[in-house]
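Below is one structure, written out as structure tokens; the observations come after it.
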Amino acid sequence: GEDVEQSLFLSVREGDSSVINCTYTDSSSTYLYWYKQEPGAGLQLLTYIFSNMDMKQDQRLTVLLNKKDKHLSLRIADTQTGDSAIYFCAEEMNSGYSTLTFGKGTMLLVSP
Amino acid sequence: DGGITQSPKYLFRKEGQNVTLSCEQNLNHDAMYWYRQDPGQGLRLIYYSQIVNDFQKGDIAEGYSVSREKKESFPLTVTSAQKNPTAFYLCASSMGQGFGEKLFFGSGTQLSVL
């Protein structure tokens, strides 16, 4: 079956690094995504990684993929209070059409 | 500016009533989606459409209906058969070209039962 697991909550201080973890179960996943949701709003794509890569860096964001362990992480460097939000991991199945399976989301709280 | 517009922002439903949530996009995207979000839960796919006049059920389609008569529009009707409709509903769109699709989301509609 397909399932995406995330820890529910993470609290950090401003200026620290944040690491949000995700595990998935489908080894045939093609792309894995990180989305951000601010209160009362829709989701915004932050970054994504193709399954044949093990790392992707985009400014303050670093995505690490361990395909053997089916583990995905998002590191946010120099975390700011504006980074406080819910972060969703999502996997795209190799099913011939793009539908995503989302995790339950990790709430990141950044304190001054 | 291109984007996805959902309306209304808040909606209340009485017992036995059908309500329709609007979703319009001007991104020229072929594919559109409806997701349901419950507190502390991930997003669950209700329906999706790859092309005009065609749509497929997602994981939780029971009690919902959709139409796709125009490329820009993908309205969702929450019928009286949906016994637990209170949730945050998100519409999304993508180019519809297959893998590596980036979903663009609207700002959501919060539906509550009176």
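So the sequences go chain by chain: Y and D.
Just so you know, we're using our numbering here: the first sequence kicks off at 8 and counts up by one.
Just so you know, we're using our numbering here: the second sequence kicks off at 13 and counts up by one.
Backbone N, C-alpha and C fix where the C-beta goes; we use that ideal spot for every residue, glycine too.
This one's a predicted model, so the numbers in the text were calculated from it and none came from an experiment.
request  = Kindly say whether Lys111 of chain Y, judged by its beta-carbon, lies nearer than 8 angstroms to any beta-carbon of chain D.
outcome  = yes
inquiry  = Taking contact to mean 3 or more Cβ pairs, one atom from each stretch, closer than 8 angstroms, check whether the segment 41-49 of chain D and the segment 96-115 of chain D are in contact.
reply    = yes
ask   = Do Leu72 of chain Y and Leu39 of chain Y have their CB atoms nearer than 8 angstroms?
value = yes
inquiry  = Can you confirm whether the segment 45-59 of chain D touches the segment 94-103 of chain D when touching is taken to mean that 3 or more C-beta pairs between the two stretches lie within less than 8 angstroms?
reply    = yes
message = Within 8 angstroms, do at least three Cβ pairs link the segment 10-21 of chain Y to the segment 80-87 of chain D?
response = no
inquiry  = Could you tell me which whole beta strand (DSSP E) segments of length 3 or greater appear in the segment 47-98 of chain Y?
reply    = 50-57, 62-65, 68-73 and 78-83
ask   = Would a check of beta-carbon distances place Lys69 of chain D closer than 8 angstroms to chain Y?
value = no
ask   = Measuring CB to CB, does Ile93 of chain Y end up less than 8 angstroms from Met114 of chain Y?
value = Taking 8 angstroms as the Cβ cut-off, Ile93 of chain Y and Met114 of chain Y qualify as a contacting pair.
query = Do you know offhand how far Ser118 of chain Y's Cα is from Val64 of chain D's?
reply = 46 angstroms
ask   = So is Ser119 of chain D in contact with chain Y if we call contact Cβ pairs under 8 angstroms?
value = yes
request  = Kindly say whether Gly22 of chain Y, judged by its beta-carbon, lies nearer than 8 angstroms to any beta-carbon of chain D.
outcome  = no
task = Answer with yes or no whether the minimum CB distance from Lys95 of chain D to chain Y is below 8 angstroms.
result = no
task = State the beta-bridge partners of Thr89 of chain D as determined by DSSP.
result = D:Thr32 and D:Ser77
Exposure label - Gln29 of chain D; buried when at least 16 CB within 10 Å = exposed
query = Do you know offhand how far Leu39 of chain D's Cα is from Tyr60 of chain D's?
reply = Looking at the two C-alpha atoms, the distance is approximately 17 angstroms.
task = Report the option in Y:Ser34, Y:Ile56 and Y:Thr69 whose CA atom is closest to the CA atom of Ile27 of chain Y.
result = Y:Thr69
CA nearest to the CA of Gln62 of chain D, picked from D:Val78, D:Thr17 and D:Thr98 = D:Val78
task = Give me the Cα-Cα distance between Gly89 of chain Y and Gly54 of chain D, rounded to the nearest whole angstrom.
result = 22 angstroms
inquiry  = Mapping the DSSP letters down to three states, classify Asp23 of chain Y as helix, strand or coil.
reply    = In the structure shown, Asp23 of chain Y sits in coil (DSSP, three-state: anything other than H, G, I, E or B).
request  = Return the CA-CA distance between Phe95 of chain Y and Glu27 of chain D, expressed in angstroms with no decimal places.
outcome  = 33 angstroms
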